[in-house]
Every structure is written in C-alpha cells, then in structure tokens.
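Let me begin by presenting the structure, written as structure tokens, before commenting on it.
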Amino acid sequence: MGATMSNGICAEDASLLENEQSMSIEDDPSNAIRPSNAPRTPCYVFILAFLSAIGGFLFGYDTGVVAGASLPIAKLFEFTTVDTELFVSITIGAAAIFAIVGGILNDKVGRKPTTLIASVVFTIGAIVLAAANSTKTLLIGRFIVGIGIGMASVTVPIYIAEATPPHLRGPLVSLNQAFISGGMFVSLLVSGAFCPLSGGWRWMLGLAATPAIVQFFGFIFMPESPRWLVSQGKDQEAIRVLQRLRGTLDVNDEYNGIKAACDEETRCKEVLGNQFIGKKVWDSLPVRRALIIGCMLQLFQQITGINTVMYYSATIISMAGVQDPCKAIWYASITALVNFLFTFVGIALVERIGRRMLFLSSLLGVTISLVFLGIGFQVEAGTAPDVTLPSDFTSDLCSTQFSTCTACIEDKNCGFCFNKDPLTQKINSTCLSSDEHFTASVSGLCSDMSSSGYSWAYDYCPTPYAWMAILGMVFYLASFSPGMGPMPWTINSEIYPLWARGFGNALATFTNWAFNLLISMTFLSLSEAITRQGAFYLYASFGVVGCIFFFLFLPETKGRTLEEMESLFSGSWYVKDKSRQRSAD
888 MGATMSNGIC AEDASLLENE QSMSIEDDPS NAIRPSNAPR TPCYVFILAF LSAIGGFLFG
948 YDTGVVAGAS LPIAKLFEFT TVDTELFVSI TIGAAAIFAI VGGILNDKVG RKPTTLIASV
1008 VFTIGAIVLA AANSTKTLLI GRFIVGIGIG MASVTVPIYI AEATPPHLRG PLVSLNQAFI
1068 SGGMFVSLLV SGAFCPLSGG WRWMLGLAAT PAIVQFFGFI FMPESPRWLV SQGKDQEAIR
1128 VLQRLRGTLD VNDEYNGIKA ACDEETRCKE VLGNQFIGKK VWDSLPVRRA LIIGCMLQLF
1188 QQITGINTVM YYSATIISMA GVQDPCKAIW YASITALVNF LFTFVGIALV ERIGRRMLFL
1248 SSLLGVTISL VFLGIGFQVE AGTAPDVTLP SDFTSDLCST QFSTCTACIE DKNCGFCFNK
1308 DPLTQKINST CLSSDEHFTA SVSGLCSDMS SSGYSWAYDY CPTPYAWMAI LGMVFYLASF
1368 SPGMGPMPWT INSEIYPLWA RGFGNALATF TNWAFNLLIS MTFLSLSEAI TRQGAFYLYA
1428 SFGVVGCIFF FLFLPETKGR TLEEMESLFS GSWYVKDKSR QRSAD
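Counting in the numbering used here, the sequence shown runs from 888 upward without gaps.
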C-alpha cells in the first residue's frame, strides 16, 4: 500500500497497515471474543496490564487521600480556602504539564523507561509529603507527585493498548480506570484508619510510595512495547517480545503488520520533512477530527465535576452536615467503593453495548445526579435552622448580623454555635466570630465546647437531610464509573494513527489535567460565590451540553479495525450520516 497525500499529509494511517495484517476482527461487531484459532493469552499479559495499571492506582490513591488528609492538614496548617484549593490543585497542574512531557518521553525513550521514571518520581514525592512540616514543603511534595502522575497517565493506556491482543484491548485499557477507582477506595480506607491518630495524615500521604515501589521493581522485568521497538529498528527484540506476549512462536503476521506500519510512518515523515507534529495533525482532516473528539471526551469528563466529587468528597459530606471529620471520611469511602465496583460494570459492557452507548448513558446519569446533589444542598439551605438566641445575648458582631445558619456560615469570619435539646429536639443557636483556627468561637458558648455542651459548625448547618448529599454522590459515581471514567481513555487509545498516537494522547491527557485543575481549583470559591447548590447546577448544565454534543458527534468505535478509523473521521461530523454511509458500504 503506497503513501498518498491529503492536504499535504500522509493520509494513510501507518497503524492501519499493522492492524490490517495482524488483527483478525470479524464482521461481528463484538471483537471482545478471542478468535477461535488464536493461542490462549499468556498470564504474562495480565501481569503486564496489572503492573501498568498501578500508574492508575497511584492517580486514584492521590485523589482519594487528598479528600481524607485535607481535613486534618487544613486545621493543622491553618489553611484558608485558597490554601486548600492550592493543596489539591498543584498536583493537577504539574500533571497537566508533565503529561505533555510524558508524551515526548514515550516517543523518545519508550514506554517502559517513562513508567520507571514516573514510579521513582512519585516515590520521592510521597516521602517529601510524609516528612513535611510546613505548607511550602507540602506544596513541593504535591508538585513532585503530580510530575509522576502526569507521565504515568499518558503512558499506561498506550502501553496496555500496544502490548495486549486486540480482543482484550478494550477491557484491559479500561482496567486502568478500575485501578484509579480502586486507588481512591483504598486511600480513603487508609485515611479513615489513620484519621483518629495524631499525625495520621503523614501515614496517609507516605504510604502512597508503596504501590510506586511495587510498580518500579515489577516493571524492571516487563518488556518494551513491540510497536516502539520496531519503530526504533530493534526488530529481533520486538519479535521476541511478541512471541512472549502472544504465547506462540508464530507472530510473523503481526510483526509484518507492525513493520509495514512503521515503514509507512517513516515514508510519511520523509515526505513531510521536519514539520511540527501538531501542524501535521491539524492539516490531516481525519486526525484533526479524532483529536477534537478525544479532547472533548476528556474535557467533559472533568467539567461535569468528577474530581470535585472525589477530591472534596469528605468536605462535601461535612458541608452536608456530618460533624465528625473521621465519620465524613468513612462515608466518603463508601462512595469510593461504589466508584470502584461500578467500574467493573463498564469493563463488562464495553465490548457488548459499545463505547458510544456506554458513554452517553453514563453522562446522562451523571447529569441527573448533579441535579439531585444541587437539590440536596438547596433543601439543606432552605431548612437550615434560625439563630434563636437573642442578639443581646452576646456582644459578638456576628450575632447581630445574621438571623439564619446559612447566612452565618457564608461569612468566613463567623460560625454557627448550636445545641439541640434532647427532650424537645429544639435547636438553641447563635452566630459567633470564629477563632483563627476555625475550630471554635472567639468568645461565648462555643469558645470552650468541652464544658458548654454546644457544637461548633464553621462550614455546615445541622440538618436531617445530609443523606441527600451522600445518596447523590453514590448515584453520581455509579453513573460515572462504567462509562465516563474509562471510555475517554479507551477511545483515545485507539483513534489515532501511529505517527500521531503519542501527540494525540498527550494533548488529550493534557486537556484532562488542565480542566481537572480548573474545576478543583475553583470549587470552594465557586461554592462561596454562587452557593453550593449553584455549583452543582452549573456542572449539570455542562452535562446537558455534553449529552447533546456527543449524541451528535461521537461515533461508535467498537468492532472497528484501526483501518476503519480513518474513514470514521473522514466524512460528515454527524453520527447519523456515518451510519448511513456504513450501511451503504
């Protein structure tokens, strides 16, 4: 197959040749079934996928541990709202930058060395966090961790997709998302266990080094991606790796396909010269469209609030009225368990109902759940108790300014001091000025709660409707995990030609991290500006826009050979037009 030019770009996808010769995908749309004439997949492949997906576990652990550790750390280091947002988001900013660096390293030094580097960096970051004794050191440690996460997040999906057999590609790439959600769950269990201990947050953050160390030593024995080896002219090593991964000596067809793909890529590069890869992508119509869809998948995964729900899960539960911070962490672990379990629903369905249907149904469920969360916080605000003690009961300025709990806690300098009568269940309350640690009032009934019998609520109101926020988060994660979690990564791993795969995945991953940063950096401030329910209604509106966009423009990639990917993104943008075109063909 010769190289042809379209808009000055080599339109023949190099990886299509590889797939044409090496993948026995039948006309049946389900390519999840192993071809009857294929050798049994060696356990080695599953070990490889497991060790690779530890990179996802590290991402998930960091997400969950921040939700648990931020509560005690914020009190110990006297964090402001901006400090808390910076503590959460500096890792995300570093990950966004180093996702691009990771894409470059993937192409230059290979998938395996990039993963090893990421493991070492993450371990260093975890040690710095565990030993931190100042806000500055905490932020440095969080930045270092972000470097490791960024490089791993762009490498893992590519490595698994290139090393695994075609019939296992969807489920095993989705395994990365399962490890992300598993890492969240494990981290919240760890946080809940260490929450009551003095300095327990150091264990929460430091134990993150353990999976990174396991990945490093396990990956020493893993092979490089056969596709990358062939692209570097290491053909004999690539053949040995393929034989080990496929469990057979007969890998000539697959090797020849990979070789032809790399030769085609080389010819394309010779024709195109030293043109910047980004310009090559932009000038190629099908690749440009694939990249736009890939980046939009990652964008909507984030702007519908997933990492707000995960990073701030314990904080959201506290906002809903759960007073004990350790209890809030344990409740958050329940939501993380739901996230973990429902990820496997996605793995089971990805090759049965397809990427498109799984993603759209997931996005619809997420949007409905966000509306429910907004309603929950609106009900809480509408039923918040009034300030019942007369203003002349105390000379505190806050007590004279506000008449309800909701208005009281919206002022950063005030907190709600209350006591529920065990007989009448009536709440006696007042609004008082908070001390510098936000743990008690400057004076009055909540200045010494050990003897007063009153409770102090700095950022929440006592309410019988806390269950609505917890239930809303459970529904949200049960909807998100099967589709919106893994599908952006799965689809991005299979829609780009070989010559654009590193760049395409890096840019899509950067989009994910950039909007992750935007949402997590603004959630608390946004909640103060437009109320908590307003923030969730805003995320829900993004979900509505996403449902419309992807219904119109997201094609189904299940059952498609990589050769068909080019035609999938070459014609009309609209999905219905693509379906008609395929039927006609």
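Beta carbons are placed, not taken as given, at the ideal position from N, Cα and C, and that holds for glycine.
Beta carbon of G1070 nearer than 8 Å to that of G943: yes
What are the start and end residues of the alpha helix (DSSP H) that includes N1379? Looking at the DSSP string, the run of the alpha helix (DSSP H) that includes N1379 is 1374-1379.
Can you give me the C-alpha to C-alpha distance between G1389 and V1329, rounded to a whole angstrom? 56 Å
In or out: P1083 buried (at least 16 other Cβ within 10 Å) or exposed? The residue is exposed, with fewer than 16 neighbouring Cβ atoms inside 10 Å.
CB-CB length for Q1102 against T1230, believed under 8 Å: That belief does not hold up - the Cβ atoms of Q1102 and T1230 are roughly 19 Å apart, past 8 Å.
Cα separation between V932 and A1050? The alpha-carbon atoms of V932 and A1050 are separated by roughly 8 Å.
Rounding to the nearest angstrom, what Cα-Cα distance links D1298 and V1274 in this structure? 14 Å
Thinking just about the alpha-carbon of each residue, which of D1308, A1271, D1346 is nearest to the one in N1300? D1346
Secondary structure of G1093, DSSP reduced to three states: G1093 falls in the helix class under three-state DSSP.
Where do the ends of the beta strand (DSSP E) carrying T1317 lie? 1314-1320
How is N1226 classed by DSSP in three states: helix, strand or coil? helix
List the residues that DSSP assigns as beta-bridge partners of A1344. F1303
Going along the chain, which residues of its own chain have a beta-carbon closer than 7 Å to the beta-carbon of I941, five neighbours each way excluded? F1066, P1098, V1101, Q1102
Cβ-Cβ distance between A1095 and Y1199 below 8 Å: no
Every unbroken beta strand (DSSP E) within the segment 1365-1435, with a cutoff of 3 residues, ordered by chain: none
If you drop the 5 nearest sequence neighbours on each side, which residues of the same chain put their C-beta closer than 8 Å to that of W1376? P1044, V1060, S1061, N1063, Q1064
On the three-pair Cβ rule with 8 Å, is the segment 970-982 touching the segment 1119-1134? Counting Cβ pairs under 8 Å, fewer than three are found: no touch.
Judging by CA-CA distance, which residue of I979, R1056, L1003 is the nearest neighbour of T928? That would be R1056, whose Cα lies nearest to the Cα of T928.
Start and end residues, alpha helix (DSSP H) containing D994: 968-995
Buried or exposed by the 16-neighbour rule on C-beta atoms within 10 Å, applied to K1445: buried
CB contact flag (A956, W1400, <8 Å): no
Just to confirm my understanding: we take V1225, look at its own chain, exclude 5 residues before and 5 after, and list those with CB closer than 6 Å. What are they? V1361, L1364, A1365
Which residue or residues does DSSP assign as beta-bridge partners of S1328? S1328 is bridged to S1321.
Which partner residues does T1291 have in the DSSP bridge list? D1273
Can you give me the C-alpha to C-alpha distance between C1213 and P1058, rounded to a whole angstrom? 35 Å
If you pair each beta-carbon of the segment 991-1005 with each one of the segment 1404-1423, do three or more pairs fall below 8 Å? no
When the Cα atoms are used, what is the spatial distance from F1423 to V1432? 15 Å
Boundaries of the alpha helix (DSSP H) in which W1209 is found, first to last residue: Looking at the sequence provided, one finds Val at residue 1209 rather than Trp. V1209 -> no alpha helix (DSSP H), and no H or E assigned at all.
Considering Cα atoms alone, identify which of R1447, Y1383, I1417 is closest to I1179. Y1383
Specify the secondary structure class of N1020 as computed by DSSP and reduced to three states. coil
Roughly how many angstroms separate the alpha carbons of R1242 and E1443, rounded to a whole number? 6 Å
Which of the three DSSP states, helix, strand or coil, is assigned to K1146? The answer is helix: DSSP assigns K1146 an H, G or I state.
Have a look at P1052 and E1151 and give me their C-alpha separation to the nearest angstrom. 22 Å
Would you say A1096 reaches chain E, if we count a Cβ-Cβ gap shorter than 8 Å as a contact? The chain inventory of the structure shown lacks chain E, comprising one protein chain alone.
Return helix, strand or coil for Q1119, following the three-state DSSP convention. In this structure, Q1119 counts as coil in the three-state DSSP scheme.
Locate the alpha helix (DSSP H) running through Y1352, then write down its first and last residues. Boundaries for Y1352: no alpha helix (DSSP H) harbours it, and the DSSP string shows neither H nor E there.
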